[in-house]
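Below is one structure, written out as structure tokens, with a few remarks after it.
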Amino acid sequence: MKSELCGADRVPRPALKALVEHAASAVDGLTAQAWCLDLLPYLTANPDDALALEGLLVLGLAHPQVHDRHRISMPQEGRRFAILLERAGDAQRAEDMLRLLLEMFPGNETLMGELEALERRDGSMGRRVERHLRSAEEALRAGRRDEALRWLREVIALEPRRRDVARMIRDLRFEEELSREAWRRRVRLAALACVAVVALAVFLGRERAIEAERAALPPVRPGDLLSTRERLAGLDHLLEGNVFWLGMGGVSRERTLLQLEVERLELREVAEAQRRVEARSRAALLADAERSQAFVAADRMDFDAALVHFRGALEVAPENWEHRNSTQREVALLEEWRTTREGARR
Numbered sequence: 000m001k002s003e004l005c006g007a008d009r010v011p012r013p014a015l016k017a018l019v020e021h022a023a024s025a026v027d028g029l030t031a032q033a034w035c036l037d038l039l040p041y042l043t044a045n046p047d048d049a050l051a052l053e054g055l056l057v058l059g060l061a062h063p064q065v066h067d068r069h070r071i072s073m074p075q076e077g078r079r080f081a082i083l084l085e086r087a088g089d090a091q092r093a094e095d096m097l098r099l100l101l102e103m104f105p106g107n108e109t110l111m112g113e114l115e116a117l118e119r120r121d122g123s124m125g126r127r128v129e130r131h132l133r134s135a136e137e138a139l140r141a142g143r144r145d146e147a148l149r150w151l152r153e154v155i156a157l158e159p160r161r162r163d164v165a166r167m168i169r170d171l172r173f174e175e176e177l178s179r180e181a182w183r184r185r186v187r188l189a190a191l192a193c194v195a196v197v198a199l200a201v202f203l204g205r206e207r208a209i210e211a212e213r214a215a216l217p218p219v220r221p222g223d224l225l226s227t228r229e230r231l232a233g234l235d236h237l238l239e240g241n242v243f244w245l246g247m248g249g250v251s252r253e254r255t256l257l258q259l260e261v262e263r264l265e266l267r268e269v270a271e272a273q274r275r276v277e278a279r280s281r282a283a284l285l286a287d288a289e290r291s292q293a294f295v296a297a298d299r300m301d302f303d304a305a306l307v308h309f310r311g312a313l314e315v316a317p318e319n320w321e322h323r324n325s326t327q328r329e330v331a332l333l334e335e336w337r338t339t340r341e342g343a344r345r
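See below:
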């Protein structure tokens, strides 16, 4: 089984990535699980067998669900594998395994720490820088700017004279600042839009409420002073209770017209009242004149003429004429006299 997975009998041994691809395509999940169950007790008894450990890791990379099911810590086993290979003088294969595991467990501190330590001991600083640059590129493609900046800073820490990397860091910071400023601008615009929508809703609601209040005011009956005054009072209350609204101009114009109409109607009422007073005064004068003529006729003993004048006085006299009652008594006496006289003649 170990020779099939890891190429134990082959020289040179196959690359780890090729072994993982072969295990993924040629070995199904059940077989991988059975092989893992065989390897686990063997490795417990032989923990320094790098070939068996490599087989376990290759199976885990090809079929992750098998190791998840048996709770095998791939990062921990990978670190142990790297130590065994470095002791055996195969640091390059150890680095290859650690990189494959980092593809499955990106950002794992155990694997990253072991790989960095291995590179320091192996003197492969250039590979480490390239790995950091690749990690930065992958983070940028995935949109993880903070992670890319962290990898680029690692490169600067290793090679302070890398001006291209320093320029990339400045560009990323500048883009990040632009992005933050654009985000803040969008937030401000969104906030302003929300405030505007709320303000518009409040404003329109207030407009509808004021218009409804205006529509509820009593209508004006043409030529009627009382209804005109009521409508004008309602408009005054509407203007006093609301500082500004779109229909304010129309209400103000209507109020001005109603004020003019009230003044016109009041002048008309005053004129009509004056005419009524003058008419009553003239009627009283005519009634007094008729009454005087009646007394003159009575003095001449012309009672028929006196009755005519008394009746004429009552016809033209106003309701509140001061001589109405006495004149009515005179008319009654004269009518009784006429009736008695006509009866005597028959």
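Okay, so the sequence shown: first residue is 0 according to numbering that gives the first Met the number 0, each after it adds one.
Glycine included, C-beta positions come from ideal geometry on N, C-alpha and C.
| Using 8 Å as the threshold, is the stretch 256-268 in touch with the stretch 279-292, meaning 3 or more CB pairs across them? | no
| task | Measure the alpha-carbon distance for Ala272 versus Ala278 and round it to whole angstroms. | result | In the sequence shown, the residue the question calls residue 272 occupies position 273. In the sequence shown, the residue the question calls residue 278 occupies position 279. Each residue's Cα considered, the two are about 10 Å apart.
| Cβ neighbours of Leu38 in the same chain (closer than 7 Å, five flanking residues each side left out) | In the sequence shown, counting from the first residue as 1, residue 38 sits at position 39. Correct list, in chain order: Ala51, Gly54, Leu55.
| query | Could you give the distance in angstroms between the alpha-carbon of Thr339 and the alpha-carbon of His308? | reply | Translated into the one-based positions of the sequence shown, residue 339 becomes position 340. Translated into the one-based positions of the sequence shown, residue 308 becomes position 309. Going from the Cα of Thr339 to the Cα of His308 covers about 20 Å.
| Candidates Pro63, Val194, Glu102, Arg120: which alpha carbon is nearest Ala90's? | Counting from 1 along the sequence shown, the entry for residue 90 is found at position 91. Measuring from the Cα of Ala90, the nearest candidate turns out to be Arg120.
| query | Are the CB atoms of Thr227 and Leu188 nearer to each other than 7 Å? | reply | By one-based count along the sequence shown, residue 227 stands at place 228. By one-based count along the sequence shown, residue 188 stands at place 189. Going by C-beta atoms, Thr227 is not nearer than 7 Å to Leu188.
| Does the distance from the CB of Leu266 to the CB of Val315 come in under 7 Å? | Locating residue 266 in the sequence shown gives position 267, counting from the first residue. Locating residue 315 in the sequence shown gives position 316, counting from the first residue. For Leu266 and Val315, no; Cβs fall outside 7 Å.
| task | Output the boundary residues of the alpha helix (DSSP H) element that contains Phe173. | result | Your numbering for residue 173 matches position 174 in the sequence shown. That run of the alpha helix (DSSP H) goes 162-214.
| query | Any heavy atom of the ligand SAH closer than 6 Å to the Cβ of Ser24? | reply | Of the ligands one can find in the structure shown there are none, so the ligand SAH has no counterpart to examine.
| task | Write down every uninterrupted run of the beta strand (DSSP E) in the stretch 202-290 whose length is 3 residues or greater and which is fully enclosed by it, in chain order. | result | none
| Is the Cβ-Cβ distance between His66 and Gly59 less than 7 Å? | The residue you call residue 66 lines up with position 67 of the sequence shown. The residue you call residue 59 lines up with position 60 of the sequence shown. Going by C-beta atoms, His66 is nearer than 7 Å to Gly59.
| task | Determine the closest residue to Asp348 out of Tyr41, Gly249, Arg183, with distance taken between C-alpha atoms. | result | Since the first residue of the chain shown is 0 and the last is 345, residue 348 is not available in this structure.
| query | Which of the three DSSP states, helix, strand or coil, is assigned to Trp320? | reply | To locate residue 320, count along the sequence shown from 1; it is residue 321. In the structure shown, Trp320 sits in coil (DSSP, three-state: anything other than H, G, I, E or B).
| request: On a CA-only basis, which of Leu114, Glu118, Glu153, Ile71 is nearest Leu132? Give me that one, please. | output: What you label residue 132 is simply residue 133 of the sequence shown in a count that begins at 1. It is Glu153 whose Cα lies nearest to the Cα of Leu132.
| Integer Cβ distance of Ala49 from Ala25, believed to fall under 8 Å | Mapped onto the sequence shown, residue 49 falls at position 50. Mapped onto the sequence shown, residue 25 falls at position 26. Ala49 to Ala25, Cβ: 22 Å. No contact.
| said: Measuring straight from C-alpha to C-alpha, what distance separates Thr43 and Pro105? | reply: The residue labelled residue 43 in the question sits at position 44 within the sequence shown. The residue labelled residue 105 in the question sits at position 106 within the sequence shown. Approximately 28 Å, taken between the alpha carbons.
| Quick check: the stretch 202-216 against the stretch 172-186, are there 3 or more CB pairs under 8 Å? | no
| Around the C-beta of Ala343, are 16 or more other C-beta atoms found within 10 angstroms, so that it is buried, or is it exposed? | Within the sequence shown, residue 343 is the residue found at index 344, counting from 1. Exposed, since its Cβ has fewer than 16 Cβ neighbours within 10 Å.
| request: Mind checking which residues open and close the alpha helix (DSSP H) that includes Pro105? | output: Locating residue 105 in the sequence shown gives position 106, counting from the first residue. Segment: none, Pro105 is in no alpha helix (DSSP H) and carries neither H nor E.
| How many Å lie between Ala282 and Pro317 at the Cα? | For the purposes of this step, residue 282 is identified with residue 283 of the sequence shown, where counting begins at 1. For the purposes of this step, residue 317 is identified with residue 318 of the sequence shown, where counting begins at 1. Roughly 6 Å separates the two Cα atoms.
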